[in-house]
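Below is one structure, written out as structure tokens, with a few remarks after it.
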Amino acid sequence: MDLQSILSEAVRREASDVLLIPGLPASYKVSGVIGREGDRLFPDALNALAGEAYALAGRSMDRLERTGDDDFSFAVPGLSRFRVNALRQRGSIGLVIRVVSFTLPDREKLGIPDNVMAFAGYSRGLVLFTGPAGSGKTTTLACIVDAVNTKRNLHVITIEDPIEYLHQHKKSVVTQRELATDTQSYDAALRASLREAPDIILVGEMRDAETIRAAVTAAETGHLVISTLHTLGASNTIDRIVDAFPPEQQQQIRTQLALVLEGVVSQQLVPAEDGTLIPAFEVMTVTPAVRNMVRESKAHQLDNVISTSLDMGMVTMDQSLLKLAKEGRITHDTALRHCINGDWMQKRLSLPT
127 MDLQSILSEA
137 VRREASDVLL
147 IPGLPASYKV
157 SGVIGREGDR
167 LFPDALNALA
177 GEAYALAGRS
187 MDRLERTGDD
197 DFSFAVPGLS
207 RFRVNALRQR
217 GSIGLVIRVV
227 SFTLPDREKL
237 GIPDNVMAFA
247 GYSRGLVLFT
257 GPAGSGKTTT
267 LACIVDAVNT
277 KRNLHVITIE
287 DPIEYLHQHK
297 KSVVTQRELA
307 TDTQSYDAAL
317 RASLREAPDI
327 ILVGEMRDAE
337 TIRAAVTAAE
347 TGHLVISTLH
357 TLGASNTIDR
367 IVDAFPPEQQ
377 QQIRTQLALV
387 LEGVVSQQLV
397 PAEDGTLIPA
407 FEVMTVTPAV
417 RNMVRESKAH
427 QLDNVISTSL
437 DMGMVTMDQS
447 LLKLAKEGRI
457 THDTALRHCI
467 NGDWMQKRLS
477 LPT
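First residue of the sequence shown: 127, per our numbering; consecutive thereafter.
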């Protein structure tokens, strides 16, 4: 089976991901569940499939051979776009392929609420979107950029690894840069972007202290910087950022973060009653009280602020899950499996609606 046949099958199944791993048949992830199809794939076949992927991307395999992994994307006309992670495992090549639609996602169909989309109206500061891998952060960010592009006359620079959704120029000018192809690193691209007349800078991921420092500096200079981390919850996010720095620099980054942070959105995808996946969100907007907690190393108190600030557009992850359960969109068991505070959730679920 050639790669395009596998990709066509993935699109037909409405799969989110395809896993091509030595010794297993092609595996398709649909609504979070993996199903297998066809004969087992052996190293020679996977080498050929990897060669097809690189040919479609017009890319050399040098980085994979040098580092053992590589990220890139390509499009198959009339089918879809695909994001690829190529990796070496047990001496063979494996491919994990994400299916990315040509069309930008519809935030209403996806269930992205107004208090999340409100960040598309911000003009300065740092806004973070967090969650585990595969939680839908990239899709949410695509909706945010598209909302800006549709409604505002700005210059938006995105720095991605790799580029997934392609944005046409609408009201805004959208410049999309890809790591390894257009720039060597997030922090280098961030520093360069300050000379490119940006209004909004989207950084695909804040992976290290250098990128965090560059993002904070960009926010300090009056730009809106949007980025992601693999954390769940505002308090964990603040701690992760601070812990990226040596102890002697941690108070300084807390002080800077307290000045520029404007919001933290955490999300996870949970199984819905209709067999699809649905996002649940925690949303924190930054108030003077939140700034003080960040500055004074009291991030552990943020959950209390979020839970009591619904009137300010804030919501905890457990409140979001409870709402989905009460609306019948997810089961009570799903809410309990994905919640932060099981006792709190159990008590609320047992109350009459």
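Even glycine gets a Cβ: it sits at the ideal position worked out from N, Cα and C.
Remember, predicted model here, so these are calculated numbers, not experimental data.
- [ ] Tell me where the alpha helix (DSSP H) around K449 begins and ends.
- [x] Residue 449 sits at position 323 when you count from the first residue of the sequence shown. Per DSSP, K449 belongs to the alpha helix (DSSP H) from 443–452.
TODO: Starting from S153, follow its DSSP beta bridges and name the residues at the other end.
DONE: Counted from its first residue, the sequence shown places residue 153 at position 27. L145, R162.
TODO: Run the CB neighbour count on D240, radius 10 Å, all protein chains shown included, and call it buried at 16 or more, exposed below.
DONE: Locating residue 240 in the sequence shown gives position 114, counting from the first residue. In the assembly as shown, D240 is an exposed residue. Its beta-carbon has fewer than 16 other beta-carbons within 10 Å.
Open item on the list: Taking a contact to mean a Cβ-Cβ separation below 7 Å, would you say V253 touches I352 in this structure?
Closed with: Translated into the one-based positions of the sequence shown, residue 253 becomes position 127. Translated into the one-based positions of the sequence shown, residue 352 becomes position 226. In this structure, I352 lies closer than 7 Å to V253 by Cβ.
- [ ] Taking only the alpha-carbon atoms, compute the straight-line gap between A315 and V156 and give it to the nearest angstrom.
- [x] Along the sequence shown, read from residue 1 onward, the residue named residue 315 stands at position 189. Along the sequence shown, read from residue 1 onward, the residue named residue 156 stands at position 30. Straight through space, the alpha carbons of V156 and A315 are spaced by roughly 35 Å.
Open item on the list: Let me check understanding here. Comparing Cα to Cα, which of L167, T457, A179 lies closest to S218?
Closed with: Taking the first residue of the sequence shown as position 1, residue 218 is located at position 92. It is L167.
Open item on the list: Between which two residues does the alpha helix (DSSP H) holding P169 run?
Closed with: In the sequence shown, the residue the question calls residue 169 occupies position 43. According to the DSSP assignment, P169 belongs to the alpha helix (DSSP H) that extends over 169–183.
Task: Cβ-Cβ separation, M440 to I432 (assumed contact under 8 Å), whole Å - done: Walking along the sequence shown from the start, residue 432 turns up at place 306. Walking along the sequence shown from the start, residue 440 turns up at place 314. Between M440 and I432 the Cβ distance is about 5 Å, and since that is below 8 Å, they are a contact.
Task: Ranges of the beta strand (DSSP E) found wholly within the stretch 206–257, counting only runs of at least 3 - done: Taking only runs of at least 3 residues, the beta strand (DSSP E) segments lying wholly in the stretch 206–257 are 206–215, 218–226, 251–256.
- [ ] Name the two residues that bound the continuous alpha helix (DSSP H) containing A384.
- [x] Counting from 1 along the sequence shown, the entry for residue 384 is found at position 258. Segment 373–386, the alpha helix (DSSP H) holding A384.
Open item on the list: Could you compute how far the alpha carbon of L462 sits from the alpha carbon of M471?
Closed with: What you label residue 462 is simply residue 336 of the sequence shown in a count that begins at 1. What you label residue 471 is simply residue 345 of the sequence shown in a count that begins at 1. Near 6 Å, if we compare the C-alpha coordinates of M471 and L462.
Task: Inter-stretch contact (C-beta, 8 Å, three-pair minimum) for the stretch 132–144 and the stretch 364–383 - done: Touching, no.
Task: Alpha-carbon to alpha-carbon, G251 and A384 - done: Sequence index remark: in the sequence shown, residue 384 carries index 258 (1-based). Sequence index remark: in the sequence shown, residue 251 carries index 125 (1-based). Cα to Cα, the separation comes out at about 10 Å.
TODO: Starting from L475, trace the alpha helix (DSSP H) both ways and give me its first and last residue.
DONE: Residue mapping note: residue 475 aligns to position 349 of the sequence shown, counting from 1. Residues 468–476.
Task: Closest by C-alpha distance to G247, when choosing among V226, L190, I270, H295 - done: Position 121 of the sequence shown, counted from the start, is the residue given in the question as residue 247. Nearest of V226, L190, I270, H295 to G247, Cα basis: I270.
Task: Buried versus exposed call for V159 [16 or more other C-beta atoms within 10 Å across all chains shown] - done: Here residue 159 is taken as the residue at index 33 of the sequence shown, counted from 1. By the neighbour-count definition (other C-beta atoms within 10 Å, threshold 16), V159 is an exposed residue.
Task: Nearest neighbour of G330, chosen from S446, K473, T309 [CA to CA] - done: Counting from 1 along the sequence shown, the entry for residue 330 is found at position 204. Ranking S446, K473, T309 by Cα distance to G330 puts T309 first.
Open item on the list: Taking only three categories from DSSP, how would you classify V342?
Closed with: The sequence position of residue 342 within the sequence shown is 216, counting from 1. In the three-state reduction of the DSSP assignment, V342 falls in the helix class.
- [ ] Identify the continuous alpha helix (DSSP H) that holds E191 and give its terminal residues.
- [x] On the sequence shown, position 65 is the one that residue 191 refers to. 188–193 is the extent of the alpha helix (DSSP H) around E191.
Open item on the list: Please tell me whether V222 and R207 are closer than 7 Å, where the distance is taken between their beta carbons.
Closed with: For the purposes of this step, residue 222 is taken as residue 96 along the sequence shown, with counting starting at 1. For the purposes of this step, residue 207 is taken as residue 81 along the sequence shown, with counting starting at 1. No, they are not a contact pair.
- [ ] Take A345 and list the residues in its own chain whose beta-carbon comes closer than 6 Å to its own, dropping the five residues that flank it on each side.
- [x] By 1-based counting over the sequence shown, the position of residue 345 is 219. So the list reads G251, L252, V351, V386, once near-sequence residues are dropped.
Open item on the list: Just list the residues that DSSP pairs A406 with in beta bridges.
Closed with: Here residue 406 refers to the residue found at position 280 of the sequence shown. Paired residues: Q394.
- [ ] May I ask which residues mark the beginning and end of the alpha helix (DSSP H) holding S361?
- [x] Taking the first residue of the sequence shown as 1, we reach residue 361 at position 235. First-last of the alpha helix (DSSP H) with S361: 360–369.
Task: Residue of H349, N275, P324, L358 minimising C-alpha distance to G260 - done: If you number the sequence shown from 1, residue 260 lands on position 134. Checking every option, the nearest Cα to that of G260 belongs to L358.
Open item on the list: Is the beta carbon of G161 closer than 7 Å to that of P151?
Closed with: Within the sequence shown, residue 151 is the residue found at index 25, counting from 1. Within the sequence shown, residue 161 is the residue found at index 35, counting from 1. Contact: no.
- [ ] Classify P405 as buried or exposed, calling it buried when 16 or more other Cβ atoms lie within 10 Å of its own Cβ.
- [x] As a working note, residue 405 is residue 279 in the sequence shown. Residue burial is scored here from C-beta neighbours: P405 has at least 16 other C-beta atoms within 10 angstroms and is therefore classed as buried.
- [ ] Would you tell me roughly how many angstroms separate the C-alpha atoms of A141 and T402, rounded to the nearest one?
- [x] Counted from its first residue, the sequence shown places residue 141 at position 15. Counted from its first residue, the sequence shown places residue 402 at position 276. One C-alpha to the other measures close to 11 Å.
- [ ] Report the option in R333, L328, L213 whose CA atom is closest to the CA atom of I283.
- [x] In the sequence shown, counting from the first residue as 1, residue 283 sits at position 157. For the residues R333, L328, L213, the minimum Cα distance to I283 belongs to L328.
Open item on the list: Would M438 and T411 be called neighbours here (beta carbons separated by less than 7 Å)?
Closed with: Translated into the one-based positions of the sequence shown, residue 438 becomes position 312. Translated into the one-based positions of the sequence shown, residue 411 becomes position 285. At a Cβ-Cβ threshold of 7 Å, M438 and T411 count as neighbours.
Task: Rounded straight-line distance, which links the Cα of V390 to that of S249 - done: Indexing the sequence shown from 1 puts residue 249 at position 123. Indexing the sequence shown from 1 puts residue 390 at position 264. Computed Cα separation, rounded: 15 Å.
- [ ] Give the secondary structure of L305 by DSSP, where H, G and I count as helix, E and B as strand, and everything else as coil.
- [x] Indexing the sequence shown from 1 puts residue 305 at position 179. Reduced to three states, the DSSP call for L305 is strand.
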